[in-house]
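Heads up, the thing below is written out as structure tokens.
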Amino acid sequence: MREKNIENAEYSDAELIRRYCQENDTLAFDKLMVRYQDMVFRLCYRLLGNYDDALEVAQEVFLSCYRKLRTFTGKAKFSTWLYRLTVNHCKNFWRRQRRSIATHTISLDQTNENKERPPLQIANGNPDPREEIASRQLQQLVQERVRLLSPEYHQVLILRYSEELSYEEIAEIVGCPVGTVKSRLNRARKELHTLLKDIWDVK
Amino acid sequence: MNECEKYNEWFDDYIVGNLSGESLKAFERHLGECQKCKRALEEFRMVVSALKEMPAPSAPDSLRELVQRRIQEQRHLSLFGKLKHFFTFPRLRLLGEVALVVLLLFIGWQIFYSQGWRHQPLREIPPEKSKKEITALTEAPEKLEESIKSRERSVTDTAEAEGILPPHRMTSAKVKPTEKPPIMKKEPVKKPEIRHLLPGTKRTGEKTVSEELRMRAVPKKEESFAPGVATKRFAITEEKEPIPGEQGIPIPETQITRRTHPAPPVKEAKDVLIAPGIPEKSPETTHKVAISPFLTTDTITIKITPIPK
Numbered sequence: 001m002r003e004k005n006i007e008n009a010e011y012s013d014a015e016l017i018r019r020y021c022q023e024n025d026t027l028a029f030d031k032l033m034v035r036y037q038d039m040v041f042r043l044c045y046r047l048l049g050n051y052d053d054a055l056e057v058a059q060e061v062f063l064s065c066y067r068k069l070r071t072f073t074g075k076a077k078f079s080t081w082l083y084r085l086t087v088n089h090c091k092n093f094w095r096r097q098r099r100s101i102a103t104h105t106i107s108l109d110q111t112n113e114n115k116e117r118p119p120l121q122i123a124n125g126n127p128d129p130r131e132e133i134a135s136r137q138l139q140q141l142v143q144e145r146v147r148l149l150s151p152e153y154h155q156v157l158i159l160r161y162s163e164e165l166s167y168e169e170i171a172e173i174v175g176c177p178v179g180t181v182k183s184r185l186n187r188a189r190k191e192l193h194t195l196l197k198d199i200w201d202v203k
Numbered sequence: 204m205n206e207c208e209k210y211n212e213w214f215d216d217y218i219v220g221n222l223s224g225e226s227l228k229a230f231e232r233h234l235g236e237c238q239k240c241k242r243a244l245e246e247f248r249m250v251v252s253a254l255k256e257m258p259a260p261s262a263p264d265s266l267r268e269l270v271q272r273r274i275q276e277q278r279h280l281s282l283f284g285k286l287k288h289f290f291t292f293p294r295l296r297l298l299g300e301v302a303l304v305v306l307l308l309f310i311g312w313q314i315f316y317s318q319g320w321r322h323q324p325l326r327e328i329p330p331e332k333s334k335k336e337i338t339a340l341t342e343a344p345e346k347l348e349e350s351i352k353s354r355e356r357s358v359t360d361t362a363e364a365e366g367i368l369p370p371h372r373m374t375s376a377k378v379k380p381t382e383k384p385p386i387m388k389k390e391p392v393k394k395p396e397i398r399h400l401l402p403g404t405k406r407t408g409e410k411t412v413s414e415e416l417r418m419r420a421v422p423k424k425e426e427s428f429a430p431g432v433a434t435k436r437f438a439i440t441e442e443k444e445p446i447p448g449e450q451g452i453p454i455p456e457t458q459i460t461r462r463t464h465p466a467p468p469v470k471e472a473k474d475v476l477i478a479p480g481i482p483e484k485s486p487e488t489t490h491k492v493a494i495s496p497f498l499t500t501d502t503i504t505i506k507i508t509p510i511p512k
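As structure tokens, this is what we get:
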């Protein structure tokens, strides 16, 4: 009966967390996961740029959340807390990957393995096909080159312009003052501008 | 910071719409004047739009299933698994670190302790007293002989042993007759004094002791003794004889005053000159001497054999 209730009812995050922590209700946790899995996976994908890596890290994030949820104090929003967990896991994954980069090999068939992978479609309302192609190329280049930045700059750019979060939220997620976030964003913008210099010169 | 740099920092706020009032007017005025900044803003707009349009795939259904499966696995983690999890590398490393700290503290304490007793002040014997005893003994050689014999009977008797102490306990192995008389005094064994009486002494290493086995004294030039004092020459043989638990015999005070600080290790045998009165056919005598270099007590046996002429 209760299962039916929790499936149908729209509980707040705080209520679901309380149910999980106090009553050890795994369904409440499941509900939370369903609510936030897209957000976590999206951020993982945007930060790591790889579908399989994003899937792996998203699993780790939810497992970590399952273990640490009892330590969540409720001072910040649950989504911010989960963002922070995701960013940290992505950072750890990036470090691990960097360490094993020398031995890392990529299979050519790897891209066709996962049937769930959606086609990469970038929404663009530009009617002119030439301009659309040019715009797509530029977008792709920007998205590729933003990963060449250091993780600190990369993550603030993604959080600010892809996830569209406020300075305060980013500060809470990254764990530094708002002023630092602002200066990091400025430096990230400058560095990215330098990385895209060849494109600007052509234009 | 020039003006362009200042306005470049406002790009983010301008795009998001945070600028208003005078700031917005000033910013737009600058853009109208500075083509470089205008272009930079356009480029920044493109970057922001590219980042905004970054692909955002929704989570696959398998994510939820995978997480649920792993949670179930964790729940049914066996007791062994939990223990194994507890003794993971970081925890063991912590234990190792604690053990290392304890070990270092122990070694530090040992060194401090040994240094502490090394720096104990030495007691000096008033020279007048020694002189008196020397003259008394040299004048009555029969008394000296008696005392030597009585000492030979007792294993724990230290006096003679101290008189022929190996060079590592003394500045010189050559015992002048002036140092003899206090040796003749039978002193009670003072066990707690051993540690204090032997500061700076070094453990006679196994090698040195074994090498010194049956060392023969080389005749040397006669030392300048007091007039009328004859000397006899003896060869010394040392043997290391570890007797655990057996407490050695302390060195008389007079010998302590002669020792160097720190004492040099035994490298070679030296002949020992012994005051007159020791009979020529004195048998090989064995004396046990305690050496306590580092909270341990070893004993060495010193054999005195008259050199055949």
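Quick mapping for you: the protein sequence lines, in order, are chains B and G. Just so you know, the numbering used here puts 183 at position 183 of the first sequence, and the rest follows in order with no gaps. Just so you know, the numbering used here puts 435 at position 232 of the second sequence, and the rest follows in order with no gaps. All residues carry an ideal CB built from backbone N, CA and C; glycine is no exception. No experiment lies behind these values; they were computed from the predicted model shown.
C-beta neighbour in chain B for residue i, strict 7 Å
i, result
"G/S261", "yes"
"G/I274", "yes"
"G/E212", "yes"
"G/K239", "no"
"G/E225", "no"
"G/L266", "yes"
"G/V301", "no"
"G/K234", "It is Leu, not Lys, that sits at residue 234 of chain G in the sequence shown. It does not: the Cβ of G/L234 has no partner Cβ on chain B nearer than 7 Å."
"G/T404", "Annotation note: pLDDT 42 at G/T404 (below 50); position unreliable, no value reported."
"G/L222", "no"
"G/L298", "no"
"G/L307", "no"
"G/V304", "no"
"G/L269", "yes"
Reference residue i, options the options, closest by Cα
i, options, result
"G/P263", "B/S79, B/F62 and B/Q37", "B/Q37"
"G/E245", "G/N211, G/S265, G/E225 and G/A229", "G/N211"
"G/E268", "B/K31, B/L43, B/Q97 and B/K91", "B/K31"
"B/F228", "B/K197, B/S12, B/Q143 and B/E168", "Beyond the ends of chain B as shown, which are 1 and 203, falls residue 228 of chain B; an answer cannot be given."
"B/G56", "B/C65, B/C44 and B/R67", "Residue 56 of chain B is actually Glu in this sequence, not Gly. Closest option to B/E56, Cα to Cα, is B/C44."
"G/S261", "B/F41, B/I158 and B/L149", "B/F41"
"B/D53", "G/L266, G/G311, G/C207 and G/V304", "G/L266"
"B/L217", "B/T73, B/V156, B/R184 and B/W200", "The first residue shown for chain B is 1 and the last is 203, placing residue 217 of chain B beyond what the model contains."
"G/K209", "B/L63, B/L192, B/L195 and B/S183", "B/S183"
"B/R136", "G/V250, G/G235 and G/F214", "G/V250"
"B/S64", "B/H193, B/Y83 and B/R18", "B/Y83"
"B/Y213", "B/V34, B/A188, B/H193 and B/C90", "Shown here, chain B extends from 1 to 203; a query on residue 213 of chain B therefore has no answer."
"B/F62", "B/A14, B/V87 and B/M33", "B/M33"
"B/Q139", "B/L196, B/E10, B/L69 and B/G74", "B/L196"
"B/W94", "B/L69, B/G49 and B/K68", "B/G49"
"B/Y153", "B/T180, B/E169, B/A76 and B/E168", "B/T180"
"B/L69", "B/A28, B/I17 and B/P177", "B/I17"
"B/T86", "B/L47, B/R99, B/A76 and B/T73", "B/L47"
"G/R278", "B/D198, B/Q143 and B/Y66", "B/Y66"
Residue-level contact to chain G via CB, residue i, 7 Å cutoff
i, result
"B/D38", "yes"
"B/F207", "The structure shown does not extend to residue 207 of chain B, since chain B is modelled only from 1 to 203, so the question has no answer here."
"B/R41", "As written in the sequence, residue 41 of chain B is Phe, which differs from the Arg given in the question. By this cut-off, B/F41 is an interface position."
"B/C162", "At residue 162 of chain B the sequence reads Ser, which differs from the Cys that was named. Chain G, which has a Cβ nearer than 7 Å to the Cβ of B/S162, makes this yes."
"B/T86", "no"
"B/W94", "no"
"B/R46", "yes"
"B/A188", "no"
"B/W81", "no"
"B/A58", "yes"
"B/Y66", "yes"
"B/G125", "At B/G125, the pLDDT of 47 sits below 50, so the modelled position is not reliable; the number obtained from the coordinates is stated separately. No, B/G125 lies away from the interface with chain G (no Cβ there is under 7 Å from its Cβ)."
"B/D198", "no"
**Prompt:** Is it true that the region 239 to 250 of chain G meets the region 18 to 27 of chain B, where meeting means three or more beta-carbon pairs spaced less than 8 Å apart?
**Reply:** Counting Cβ pairs under 8 Å, fewer than three are found: no touch.
**Request:** Note down, in chain order, all residues in the region 173 to 185 of chain B with a beta-carbon under 7 Å from any beta-carbon belonging to chain G.
**Result:** From the region 173 to 185 of chain B, only L185 have a Cβ closer than 7 Å to chain G.
**Request:** State whether the region 249 to 258 of chain G contacts the region 158 to 169 of chain B, with contact taken as three or more CB pairs (one from each stretch) at a distance under 8 Å.
**Result:** Taking a cut-off of 8 Å on C-beta distances, the region 249 to 258 of chain G touches the region 158 to 169 of chain B, as three or more cross pairs fall below it.
**Request:** Would you mind listing the alpha helix (DSSP H) stretches within the region 32 to 106 of chain B that are 4+ residues and don't spill past its ends, in chain order?
**Result:** Segments of the alpha helix (DSSP H) lying fully in the region 32 to 106 of chain B: 51 to 68 and 78 to 99.
**Asked** Between the region 138 to 159 of chain B and chain G, which residues of the former have a C-beta closer than 9 Å to a C-beta of the latter?
**Response** Contact residues of the region 138 to 159 of chain B toward chain G are L138, Q139, Q140, L141, V142, Q143, V146, L157 and I158 (C-beta to C-beta distance below 9 Å).
**Asked** Hey, which unbroken runs of the beta strand (DSSP E) at 3 residues or more fall wholly within the region 214 to 242 of chain G?
**Response** As far as the region 214 to 242 of chain G is concerned, it has no whole beta strand (DSSP E) run of at least 3 residues.
**Request:** Check distances from the C-beta atoms of the region 243 to 262 of chain G to those of chain B and list, in chain order, the residues that come in under 8 Å.
**Result:** Those residues of the region 243 to 262 of chain G placed with their C-beta closer than 8 Å to a C-beta in chain B are A243, E246, F247, M249, V250, V251, S252, A253, L254, K255, E256, M257, P258, A259, P260, S261 and A262, ordered along the chain.
**Asked** Contact between the region 135 to 148 of chain B and the region 173 to 184 of chain B: three or more CB pairs below 8 Å?
**Response** Because the criterion of three Cβ pairs below 8 Å is not met, the region 135 to 148 of chain B and the region 173 to 184 of chain B do not touch.
**Item:** the region 9 to 35 of chain B: positions lying closer than 9 Å to chain G by Cβ
**Value:** Those residues of the region 9 to 35 of chain B that come within reach of chain G (Cβ to Cβ, closer than 9 Å) are T26, F29, D30, M33 and V34.
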